[in-house]
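A.B. asks:
Residue numbers (our numbering): 1 to 43.
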């Protein structure tokens, strides 16, 4: 599974292999060239 912005067609996270088997509903981990920040609805 890969997740990213549809406007840019890029992948920002990846969940595959052993990680997918262990947690198939996870959005995965960031790909090496991306930085992510998780925020609540207030930012």
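Every residue, glycine too, gets a C-beta built ideally from N, C-alpha and C. In this text the structure is predicted, and so the values were computed from the model without any measurement.
Beta-carbon separation of residue 14 and residue 31 under 7 Å?
C.D. replies: For residue 14 and residue 31, yes; Cβs fall inside 7 Å.
A.B. asks: If you follow the alpha helix (DSSP H) that residue 17 is in, where does it begin and where does it stop?
C.D. replies: 17-22 is the extent of the alpha helix (DSSP H) around residue 17.
A.B. asks: Between the alpha carbons of residue 17 and residue 24, how many angstroms are there, rounded?
C.D. replies: 10 Å
A.B. asks: Alpha carbon to alpha carbon, what distance is there between residue 37 and residue 43?
C.D. replies: 10 Å
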